[in-house]
Each structure stands twice: as C-alpha cells, then as structure tokens.
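In the numbering used here, the protein residues as written are 83 to 458. Here a beta-carbon is modelled for each residue, glycine too, at the ideal position from N, C-alpha and C. Encoded as structure tokens, the structure appears first; notes follow it.
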C-alpha cells in the first residue's frame, strides 16, 4: 500500500486511505499481492493501515503536528483472522493461506482459557522476538444469585494516582486504597539496572557500523529480554490492582463506578521529569484494565471531571494548598483526611459530562481497606 500511495502521489492523485477503497484496490490487484496471505488476513492488514492513517489525521486536526502518517515498511505486521477462517485442534491452530499454498499450523504453548465455541478471532503478532497468538473470545457477563447482583443505585468514586493507582470511596462509608509503590519501585530499579548494564558493556557494545552482526543481535536480545520482563511485571501489577477494585466493588454491591479522568494533565508542559512520571503512570492502561474487568462483572464505568477534587475541602468547600504528603488538612475548618479518599468521595458525587462542581454532601470513608499491587 505504501508503494501504491507513493505512485499515486507522483501522479498527483489522492492517496488511498479508506478501508473500502483499499479493499477495492486489493480485489483489482489480483492474487499474490500479499504473498501467501489470504483475503481475510490481507484485509486485516488494510484495516490496520486505514485506522492508523485516520488516527494520525485526527491528531493533526486537533493540533498535534508531531503525528505522522504511516510511511515506513514494517517487517512484521499483526494479522487477524475471524471466526470461520481458522480451526482450533487442541494446542494447534490451522490458519488458511492463499489459494495453492500450504495452510499454516501454529503450535500453542498452553491450552486456550476459553471454550472453542466462544473464540471469535485470533491475531498473530510478534513481540520481543517471539510469536504470540492474541485470542478474542465472547465471554458472558457474570450471573449473580438473587440479592447479590450489583445495584445500579450504588455509586462509588475512583481516583487514579501514582502512589495509589486506585483509591475508591464507597456509598456506605467504606474505602479502598490500592498501593502502587511496588510499581514505582519496579520502574526506578529498571532504570537503574539499565543504566548500570549499559555502562558495564559500553566498551564492548556494538558500534553503529556493526548493525546486523552477531554481537549486535546478542546485545539487542539481552535488552529485549530485560525490557520484556519489566513490562510483564508492571502489567501483572496493574491487573492485580484492577482485580482488587472490582472484587471490592462486587462485595459492596456497587453497580456504577465514577472514575476521575486525569488525562488533561498530559497536556501540561512541565519538563522531562514530569513527562517521565506520566509515561510510567500509564493512565490509559489503568483505565482500560479497570473498564474491561468491571464490564465483565456487570459494573458500569463512567468518566467524570476530577478537577479540584484533591484540593477542595469537603466540609467548607474552600481551596486547600496542595499537601506534601497523603493527608489533606484544611486551614479554614481544620478538616483532615486522606487526600486520595477525599478526591474519590468527591468524584462519586459528580455526573458524567458535568462540570467541576460537587452538588451534594460527601460520604467520606470511615473504614478503609489497604491492599498492595505487585511485588518487589
């Protein structure tokens, strides 16, 4: 597709970006355009190319001029096959290829965690030098016994943070604090180890002219192994934190979670240290994991405006100077409480799409449960 668009650009034509246009071009090109890929796999590649193009166009329209359109050749592109175009046989997957070629058999390291009739699509991708099979399955929402299902009338507020990835304030005065200090320690230790490792091998590290040599491949392989281990540890800790929140909400029969949306802080230019903390925070990942697990449990998640929740006194509604620690102390009415739980209680009272106001009285947590995510 890059060659076709380059050819059209030289002719002065509009590049092909829409999915339907790309599919018509694929049909007109004839067999062999995507080598041994069948039409289903080829269309998945076209879908990914089209989505990347329109995502870059939207970012540039919103003012982000650093967003670039897809223009580089990629050696390994994720390919997706839908239900009916592949066959599962125990720990083996048969993937259809182009006409006249041998089908592709993929051996799995372990059994699928879902029944075969629930699998809807598979994606073959490469990460860290290893092949993975990403499986998408249709999983039904959990069915609860009578009287134990989540109540849509019970709302809890969730405040996202770095020290505490999730701070939850329930409707009955219960609170939950999930500590993420192990995640922060993992990030810091990873940076320290990486710096020490690079200094240790600086003399014998491959030079720029040695790209592709055996030493260069070994050096890159060791770096990929360390990066992969660090990434798996962080993702596991994030899953543990989200699972703790959803399990607590199920026990409290919470049916709706109001989550403060902190993504506005991403637009603040505050230097490289601030950008490092934001990059390690992974706001989008925390929101995605929590939303997926809550939806599977039958709990609705809404994003609300969190502006001023950590710097407003819940008693006198006056602005409070930002505390240095985790305790929020009001100099006007002498109120004192945990700043993350106070923010979560304020978030619980706000409506999706509403402004930064707290219209009703807060239910501050009195019984707080402490949990820890990750190990270090």
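Among 407, 430, 402, 427, the one whose alpha carbon lies nearest that of residue 417: For the purposes of this step, residue 417 is identified with residue 335 of the chain shown, where counting begins at 1. Checked all of 407, 430, 402, 427; the closest Cα to residue 417 is 402.
Would you decide whether residue 319 is buried or exposed? Buried here means 16 or more other CB atoms lie within 10 Å of its CB. Residue 319 sits at position 237 when you count from the first residue of the chain shown. Label assigned to residue 319: buried.
Just curious, the alpha helix (DSSP H) that residue 327 is in, first and last residue? In the chain shown, residue 327 corresponds to position 245, counting from 1. Residue 327 -> alpha helix (DSSP H) spans 296-333.
Could you tell me whether the stretch 238-252 touches the stretch 417-429, using the rule of 3 or more Cβ pairs below 8 Å? yes
Is there contact between the stretch 428-437 and the stretch 230-241, where contact requires at least three CB pairs shorter than 8 Å? yes
Starting from residue 132, trace the alpha helix (DSSP H) both ways and give me its first and last residue. To locate residue 132, count along the chain shown from 1; it is residue 50. Boundaries of the alpha helix (DSSP H) harbouring residue 132: 121-143, taken from the DSSP string.
With a threshold of 16 other CB atoms inside 10 Å of the CB of residue 95, please say whether the residue is buried or exposed. Looking up residue 95 in the chain shown gives position 13. Exposed: under 16 other Cβ atoms inside 10 Å.
Please determine if the stretch 256-266 and the stretch 278-292 are in contact, where contact requires at least 3 C-beta pairs separated by less than 8 Å. no
Would you call the stretch 306-315 in contact with the stretch 200-212, where contact means no fewer than 3 C-beta pairs closer than 8 Å? yes
Given a cut-off of 9 Å, decide if residue 342 and residue 382 are closer than it, judged by their beta-carbon atoms. For this step, residue 382 is matched to residue 300 along the chain shown. For this step, residue 342 is matched to residue 260 along the chain shown. Contact flag unset, no.
Could you name the residues that DSSP lists as bridge partners for residue 187? Here residue 187 is taken as the residue at index 105 of the chain shown, counted from 1. Beta-bridge pairing links residue 187 to 176.
For the putative contact between residue 135 and residue 116, defined by C-beta atoms under 8 Å, what is the C-beta separation to the nearest angstrom? Working through the chain shown from its first residue, we reach residue 135 at position 53. Working through the chain shown from its first residue, we reach residue 116 at position 34. Their Cβ separation, rounded to whole angstroms, is 18 Å, which puts residue 135 and residue 116 out of contact at 8 Å.
Less than 9 Å between the C-beta atoms of residue 139 and residue 99, yes or no? Within the chain shown, numbered from 1, the residue matching residue 139 stands at position 57. Within the chain shown, numbered from 1, the residue matching residue 99 stands at position 17. Yes, the pair counts as a contact, with Cβ atoms nearer than the cut-off.
If you reduce the DSSP assignment to three classes, tell me which class residue 194 lands in. Taking the chain shown and counting its residues from 1, one reaches residue 194 at position 112. In this structure, residue 194 counts as coil in the three-state DSSP scheme.
In whole angstroms, what separates the C-alpha of residue 376 from that of residue 184? As a first step, residue 376 must be located in the chain shown, where it is residue number 294. As a first step, residue 184 must be located in the chain shown, where it is residue number 102. Whole-angstrom Cα-Cα distance: 42 Å.
If we ignore side chains and look at the alpha-carbon of each, how far apart do residue 303 and residue 295 end up? As a first step, residue 303 is located in the chain shown; it is residue number 221 there, counting from the start. As a first step, residue 295 is located in the chain shown; it is residue number 213 there, counting from the start. One C-alpha to the other measures close to 12 Å.
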